[in-house]
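Trainee: As they're listed, the protein sequences go chains A, B, C and D.
First residue of the first sequence: 312, per our numbering; consecutive thereafter.
First residue of the second sequence: 312, per our numbering; consecutive thereafter.
First residue of the third sequence: 312, per our numbering; consecutive thereafter.
First residue of the fourth sequence: 312, per our numbering; consecutive thereafter.
Using N, Cα and C, we set each Cβ at its ideal position, and we do this for glycine too.
Since we're looking at a predicted model, the values are computed, not measured.
There are 4 protein chains.
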Amino acid sequence: MNSFPLSRRLVAEALGTAVLVATVVGSGIMASKLTSDTAVALLANTLATGAILVVLITILGPISGAHFNPVVSLVFALRRKLNATSALAYIVVQIVGGTAGTILVHAMFELSLLQTSTTIRSGGAQWLAEVTATFGLVFVILAGLRFRSEAVAWLVGLYITAAYWFTASTSFANPAVAIARALTNTFAGIRPIDLPGFIIAEILGGLLAVLLVSWLLTDAHNAQTLTETEPAP
Amino acid sequence: MNSFPLSRRLVAEALGTAVLVATVVGSGIMASKLTSDTAVALLANTLATGAILVVLITILGPISGAHFNPVVSLVFALRRKLNATSALAYIVVQIVGGTAGTILVHAMFELSLLQTSTTIRSGGAQWLAEVTATFGLVFVILAGLRFRSEAVAWLVGLYITAAYWFTASTSFANPAVAIARALTNTFAGIRPIDLPGFIIAEILGGLLAVLLVSWLLTDAHNAQTLTETEPAP
Amino acid sequence: MNSFPLSRRLVAEALGTAVLVATVVGSGIMASKLTSDTAVALLANTLATGAILVVLITILGPISGAHFNPVVSLVFALRRKLNATSALAYIVVQIVGGTAGTILVHAMFELSLLQTSTTIRSGGAQWLAEVTATFGLVFVILAGLRFRSEAVAWLVGLYITAAYWFTASTSFANPAVAIARALTNTFAGIRPIDLPGFIIAEILGGLLAVLLVSWLLTDAHNAQTLTETEPAP
Amino acid sequence: MNSFPLSRRLVAEALGTAVLVATVVGSGIMASKLTSDTAVALLANTLATGAILVVLITILGPISGAHFNPVVSLVFALRRKLNATSALAYIVVQIVGGTAGTILVHAMFELSLLQTSTTIRSGGAQWLAEVTATFGLVFVILAGLRFRSEAVAWLVGLYITAAYWFTASTSFANPAVAIARALTNTFAGIRPIDLPGFIIAEILGGLLAVLLVSWLLTDAHNAQTLTETEPAP
Chain A
312 MNSFPLSRRL VAEALGTAVL VATVVGSGIM ASKLTSDTAV ALLANTLATG
362 AILVVLITIL GPISGAHFNP VVSLVFALRR KLNATSALAY IVVQIVGGTA
412 GTILVHAMFE LSLLQTSTTI RSGGAQWLAE VTATFGLVFV ILAGLRFRSE
462 AVAWLVGLYI TAAYWFTAST SFANPAVAIA RALTNTFAGI RPIDLPGFII
512 AEILGGLLAV LLVSWLLTDA HNAQTLTETE PAP
Chain B
312 MNSFPLSRRL VAEALGTAVL VATVVGSGIM ASKLTSDTAV ALLANTLATG
362 AILVVLITIL GPISGAHFNP VVSLVFALRR KLNATSALAY IVVQIVGGTA
412 GTILVHAMFE LSLLQTSTTI RSGGAQWLAE VTATFGLVFV ILAGLRFRSE
462 AVAWLVGLYI TAAYWFTAST SFANPAVAIA RALTNTFAGI RPIDLPGFII
512 AEILGGLLAV LLVSWLLTDA HNAQTLTETE PAP
Chain C
312 MNSFPLSRRL VAEALGTAVL VATVVGSGIM ASKLTSDTAV ALLANTLATG
362 AILVVLITIL GPISGAHFNP VVSLVFALRR KLNATSALAY IVVQIVGGTA
412 GTILVHAMFE LSLLQTSTTI RSGGAQWLAE VTATFGLVFV ILAGLRFRSE
462 AVAWLVGLYI TAAYWFTAST SFANPAVAIA RALTNTFAGI RPIDLPGFII
512 AEILGGLLAV LLVSWLLTDA HNAQTLTETE PAP
Chain D
312 MNSFPLSRRL VAEALGTAVL VATVVGSGIM ASKLTSDTAV ALLANTLATG
362 AILVVLITIL GPISGAHFNP VVSLVFALRR KLNATSALAY IVVQIVGGTA
412 GTILVHAMFE LSLLQTSTTI RSGGAQWLAE VTATFGLVFV ILAGLRFRSE
462 AVAWLVGLYI TAAYWFTAST SFANPAVAIA RALTNTFAGI RPIDLPGFII
512 AEILGGLLAV LLVSWLLTDA HNAQTLTETE PAP
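#1: How would you label residue 517 (chain D), buried or exposed, when you count the other beta carbons within 10 angstroms and need 16 or more for buried?
#2: Which residues, in order along the region 420–443 of chain A, keep a beta-carbon less than 7 Å from a beta-carbon of chain D?
#3: In terms of residues, what are the limits of the alpha helix (DSSP H) holding residue 461 (chain D)?
#4: Tell me the rounded alpha-carbon separation between residue 333 (chain A) and residue 413 (chain A).
#5: Are the C-beta atoms of residue 455 (chain A) and some chain B residue less than 8 Å apart?
#6: What does the Cβ neighbour count give for residue 501 (chain C), buried or exposed, with the cut at 16 atoms within 10 Å?
#7: Starting from residue 320 (chain D), trace the alpha helix (DSSP H) both ways and give me its first and last residue.
#8: Looking at C-beta atoms only, is the number of pairs between the region 482–490 of chain B and the region 443–461 of chain B that lie closer than 8 Å three or more?
#9: Take residue 293 (chain C) and list the residues in its own chain whose beta-carbon comes closer than 7 Å to its own, dropping the five residues that flank it on each side.
#10: Tell me, to the nearest whole angstrom, how far the beta carbon of residue 357 (chain B) is from that of residue 472 (chain B); I am working on the premise that it is less than 8 Å.
#11: Measure the Cβ-Cβ separation of residue 506 (chain A) and residue 520 (chain A) and say whether it is below 8 Å.
#12: In three-state DSSP terms, what is residue 500 (chain C)?
#13: Out of B:320, B:330 and B:317, point me to the one whose CA is closest to residue 477 (chain A)'s CA.
#14: Using C-beta distances below 8 Å, list every residue in its chain close to residue 394 (chain D), excluding the 5 sequence neighbours before and after it, in chain order.
#15: Taking the CB atoms as reference points, tell me whether residue 350 (chain B) and residue 350 (chain A) lie closer together than 8 Å.
#16: With a cut-off of 8 Å, does the C-beta of residue 473 (chain C) fall near any C-beta of chain D?
#17: When the Cα of residue 396 (chain A) is compared with those of A:318, A:511, A:496 and A:509, which residue comes out closest?
#18: Can you tell which of D:498, D:327, D:462 and D:523 has the C-alpha that lies nearest to the C-alpha of residue 429 (chain D)?
#19: In whole angstroms, give me the CA-to-CA distance for residue 354 (chain C) and residue 436 (chain C).
#20: Residue 362 (chain C) CB to nearest chain B CB: under 8 Å?
#21: So, under 8 Å CB-CB, residue 408 (chain B) and residue 325 (chain B) are touching, yes? Tell me the CB distance rounded to an integer number of Å.
#22: Since residue 348 (chain D) meets chain A, which of its residues come closer than 7 Å, beta carbon to beta carbon?
#23: Excluding five sequence neighbours on each side, which residues of the same chain lie with their C-beta closer than 6 Å to the C-beta of residue 361 (chain B)?
#24: With distances taken from CA atoms, which of C:410, C:456 and C:433 is nearest residue 425 (chain C)?
#25: Since residue 338 (chain C) meets chain B, which of its residues come closer than 9 Å, beta carbon to beta carbon?
#26: Which bits of chain D does residue 365 (chain A) rub up against, with CB to CB less than 7 Å?
#27: Starting from the C-beta of residue 541 (chain B), find all residues in its chain whose C-beta is less than 8 Å away, skip the five residues before and the five after it, and write them out in chain order.
#28: Considering Cα atoms alone, identify which of D:451, D:495, D:481 and D:438 is closest to residue 510 (chain D).
#29: Pick helix, strand or coil for residue 446 (chain A), following the three-state DSSP scheme.
#30: Which residues in chain C sit within 7 Å of residue 373 (chain D), going by Cβ to Cβ distance?
#31: Would you report the Cα separation of residue 453 (chain B) and residue 390 (chain B), rounded to the nearest angstrom?
#32: If residue 327 (chain B) sits next to residue 367 (chain B), beta carbons under 8 Å apart, how far is it from one beta carbon to the other, in whole angstroms?
#33: Could you check whether the Cβ of residue 354 (chain B) sits closer than 8 Å to any Cβ belonging to chain C?
#34: Does the beta-carbon of residue 427 (chain B) have 16 or more other beta-carbons within 10 angstroms, so that it is buried, or is it exposed?
#35: Helix or strand or just coil, what does DSSP make of residue 428 (chain D)?
#36: How is the alpha helix (DSSP H) around residue 356 (chain B) delimited, first residue to last?
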């Protein structure tokens, strides 16, 4: 995977995050233009987002790892799969790419290119939802890589499909996407002032998943060896 | 699969059942907040539940077998794939995990953490639906393991997707999930007093599937050998 | 596949057709109880039917071939993959199983067990739709078996998902299911008097697919050899 | 793939494009007959189109490559995977097949066989949407072939599922399908006078994808070798 030079990996991260954000924001705009039933709109939003995640992770994963998400890049840096400089570069281009995705969608739908959201998303319950959503996302990625690495694209797409509905925040679970969504005053928006709460909750959720995985998914043989060498009582 | 120590397998069962219940209950709450069309709400409920089942079984199956369901653990114990003590421990943590899933969802949606459902789900037709739903679920798992074990996660997710709609009870098919759903007075709830009928029907359906499988899916070569060695009349 | 004795193959065909019909009819009843938007009802019907087809073909295919459809059994008999007696037995148990599926659903939904439909489905346009639908189904099965046999379950499920919407008849494409649907006066019903037109159209569509496949998918090397040995003009 | 004679490859392209257009147009007609909620109609349209793409590409890909799209045939010709004469023949039969698909659907739904659309789809924003949609489609195909060729059918189906919602034009992304959709005055139609703008945008999007891929996906080892052999400054 890392045989691609960093320049191309960064283009892959920017492109992937742009298309991901374009899908989240664009499908929200399209859906709310076509229906007054918010659940139908969220179904469309869910279907489009889940589908594009499978596609983007499958085709860009071999180039950059297909993070598209600062929390994921942070987690890979913590687990020494990505060096700190690359991780920082990944995060920068994810934010730039995500922002470009929002602007592209505004152009396609003939809306003001630059907007800020007025949708309130705040409070302890929303933050708990983001902790939960991001915990689940990172856990799915790490456990998926451990047991069925070729299926991770599907697992992430399906996880987000479910998380849009079972978390009260509709599962942002991604600081770069959250920032890009603060720049649209449409269905998928979030007030800029609500970003810090979401981003902190997302980082916290990701770290909790790393902790759990470091115990739960340690190589089973090693674990048993330790058990076997335990002194008898 | 059983190379993981029991402690981790129990955590996997509790975690998986918690997320499964959180998805069933949470997506029901989200959907009924967003629409007045009950079929749209059930579609969202179905999509989220089917998707998370594929994810959970894929990533936790290699640790614990991904039962998340006392009937499934009972069936594996009957088929000598799980010893009685482990099966009992599995069932306990499934119920605990499921209950935790309901409480987590209530916290995310700012509802009273502890509730009891008032939704009536009772009578012979509902019980017949639960026998049917659980018969199908256990049959799918056992036949899937026999012929395409790597596909079981998909098969279960797709089976439940269909069973939500073709059974009159929307296919609980799981005593731990049923108990957890008795603790929420929302879309997915069931009155506590209606639990025994559902649970008995679910166990009955599971046992019927075991009976059918023990005849239908016995190794074909053995079966033919027996036929060939039948004494001529 | 044929290493299973005929008795078990017939049980698999009956069981599979019963569950298929239960899904088609049951999801239609459930959906029309929950919504007044017929497109939402057909979406639910589609989702459930597509999902159960993937499941049933995957788990019963290794036993009986998972036809669940007299046209498919006829096609396999014509192509010498099934002898005439077995094909006839397959067709009988498909009809019996399908009828049982309808009755089971009526019991689960507390409706009269025995009904006849009053839904008119007749006329040239409907028959053209059934020819098209069944042509497509048989073509997908035969081409799928030729190129990606492990994917046939998915291909059939996805094909029917599309065909429910692009054919004007919602794609019955199956005489056994059509007969079973004549026995329910609910969403998925068809008047008994309209059965002959549908069944003839379905057989015709299947035969057209066999004709096309016998030319289009003949082994390419053989075909080229023939071309190479053509006498020069 | 090219071991099939050209005649059969052309039949496969015509048949595939016909069924694809029949699905796009037919599911639009069916949906708009059944609901007044346009988002529900587009959901049905999306589901049917995504599903049939997976099926058609899987079963016809081994014969003709399953382009069903003049831009894709043009791209393969530019990349020397298809000679110019074959590419031209492919494009002709795609247009003929697509037109036949529209007429078949009109017959099934008892509509006038020959129609022209009056739906306005024009202007810079729509063209930007078509550039984006086709760029994405061609990028997905080329990157998919490079990294996971056995998954291309799924990738295209899922990409179009998302693109129907995130592009403001609902992602035609295909000149043959666009022409066929100009011949129906129903849900999926487009005014004939709007075709040139769409087709030019689609070709442009496809060429942009080719450019990006020729840099981003060049074999990584070669790329690094070149870097290593660069003369020091």
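Mentor: Walking through what the data contain:
#1: Looking up residue 517 (chain D) in the fourth sequence gives position 206. Residue 517 (chain D) is buried by the Cβ-count criterion.
#2: 420 and 421
#3: On the fourth sequence, position 150 is the one that residue 461 (chain D) refers to. Careful: residue 461 (chain D) lies outside any alpha helix (DSSP H) and carries neither H nor E.
#4: Locating residue 333 (chain A) in the first sequence gives position 22, where the first residue counts as 1. Locating residue 413 (chain A) in the first sequence gives position 102, where the first residue counts as 1. So the two alpha carbons sit approximately 6 Å from each other.
#5: The residue you call residue 455 (chain A) lines up with position 144 of the first sequence. Yes - at least one Cβ of chain B is within 8 Å of the one on residue 455 (chain A).
#6: Your numbering for residue 501 (chain C) matches position 190 in the third sequence. So residue 501 (chain C) counts as buried.
#7: Within the fourth sequence, the letter at position 9 stands for residue 320 (chain D). Start and end: 317–345.
#8: yes
#9: This structure does not reach residue 293 (chain C), given that chain C is present from 312 up to 544, and the question cannot be answered.
#10: Counting from one through the second sequence, the residue named residue 357 (chain B) turns up at place 46. Counting from one through the second sequence, the residue named residue 472 (chain B) turns up at place 161. With a Cβ gap of about 6 Å, residue 357 (chain B) and residue 472 (chain B) count as contacting.
#11: Residue numbering aside, residue 506 (chain A) sits at position 195 when the first sequence is read from its first letter. Residue numbering aside, residue 520 (chain A) sits at position 209 when the first sequence is read from its first letter. No, Cβ-Cβ distance for residue 506 (chain A) and residue 520 (chain A) is not below 8 Å.
#12: On the third sequence, residue 500 (chain C) is found 189 positions in, with the first residue counted as 1. It is coil, neither helix nor strand.
#13: Reading the first sequence from its first residue, position 166 is the one you call residue 477 (chain A). Ranking the options by Cα distance to residue 477 (chain A), first place goes to B:330.
#14: If you number the fourth sequence from 1, residue 394 (chain D) lands on position 83. So the qualifying residues of the chain are 388.
#15: Residue 350 (chain B) sits at position 39 when you count from the first residue of the second sequence. Residue 350 (chain A) sits at position 39 when you count from the first residue of the first sequence. Contact flag unset, no.
#16: If you number the third sequence from 1, residue 473 (chain C) lands on position 162. Yes, its Cβ sits closer than 8 Å to a Cβ of chain D.
#17: For the purposes of this step, residue 396 (chain A) is taken as residue 85 along the first sequence, with counting starting at 1. If we check each option's Cα against that of residue 396 (chain A), A:318 comes out closest.
#18: Residue 429 (chain D) sits at position 118 when you count from the first residue of the fourth sequence. Comparing Cα-Cα distances from residue 429 (chain D) to each of D:498, D:327, D:462 and D:523, the minimum goes to D:498.
#19: For the purposes of this step, residue 354 (chain C) is taken as residue 43 along the third sequence, with counting starting at 1. For the purposes of this step, residue 436 (chain C) is taken as residue 125 along the third sequence, with counting starting at 1. Roughly 22 Å between the two C-alpha positions.
#20: Taking the third sequence and counting its residues from 1, one reaches residue 362 (chain C) at position 51. Residue 362 (chain C) counts as touching chain B.
#21: By one-based count along the second sequence, residue 408 (chain B) stands at place 97. By one-based count along the second sequence, residue 325 (chain B) stands at place 14. With 8 Å as the limit, residue 408 (chain B) and residue 325 (chain B) qualify as a contact, their Cβ atoms being about 3 Å apart.
#22: In the fourth sequence, counting from the first residue as 1, residue 348 (chain D) sits at position 37. Going along chain A in sequence order, the residues near residue 348 (chain D) (Cβ under 7 Å) are 346, 348 and 351.
#23: For the purposes of this step, residue 361 (chain B) is identified with residue 50 of the second sequence, where counting begins at 1. The answer, listed in chain order, is 468, 471 and 472.
#24: On the third sequence, position 114 is the one that residue 425 (chain C) refers to. Selected option, being the one with the closest Cα: C:410.
#25: Walking along the third sequence from the start, residue 338 (chain C) turns up at place 27. Result: 473, 475, 476 and 477.
#26: Within the first sequence, the letter at position 54 stands for residue 365 (chain A). Those are 469, listed as they occur along chain D.
#27: Along the second sequence, read from residue 1 onward, the residue named residue 541 (chain B) stands at position 230. No answer about residue 541 (chain B) holds up, because its pLDDT of 37 lies below 50 and its placement is not dependable.
#28: As a working note, residue 510 (chain D) is residue 199 in the fourth sequence. Checked all of D:451, D:495, D:481 and D:438; the closest Cα to residue 510 (chain D) is D:438.
#29: By 1-based counting over the first sequence, the position of residue 446 (chain A) is 135. Looking at residue 446 (chain A) - three-state DSSP - the assignment turns out to be helix.
#30: As a position in the fourth sequence, residue 373 (chain D) is number 62, starting the count at 1. 458, listed in chain order.
#31: Counting from one through the second sequence, the residue named residue 453 (chain B) turns up at place 142. Counting from one through the second sequence, the residue named residue 390 (chain B) turns up at place 79. The alpha-carbon atoms of residue 453 (chain B) and residue 390 (chain B) are separated by roughly 10 Å.
#32: Here the question's residue 327 (chain B) lines up with position 16 in the second sequence. Here the question's residue 367 (chain B) lines up with position 56 in the second sequence. Rounded, the Cβ-Cβ distance is 5 Å, consistent with contact.
#33: The sequence position of residue 354 (chain B) within the second sequence is 43, counting from 1. Closer than 8 Å: yes.
#34: Taking the second sequence and counting its residues from 1, the one referred to as residue 427 (chain B) is at position 116. By the 10 Å Cβ count, residue 427 (chain B) comes out exposed.
#35: Stepping through the fourth sequence from its first residue, residue 428 (chain D) is reached at position 117. Note: residue 428 (chain D) maps to coil in three-state DSSP.
#36: Here residue 356 (chain B) refers to the residue found at position 45 of the second sequence. Where residue 356 (chain B) is concerned, the enclosing alpha helix (DSSP H) stretches over 349–375.
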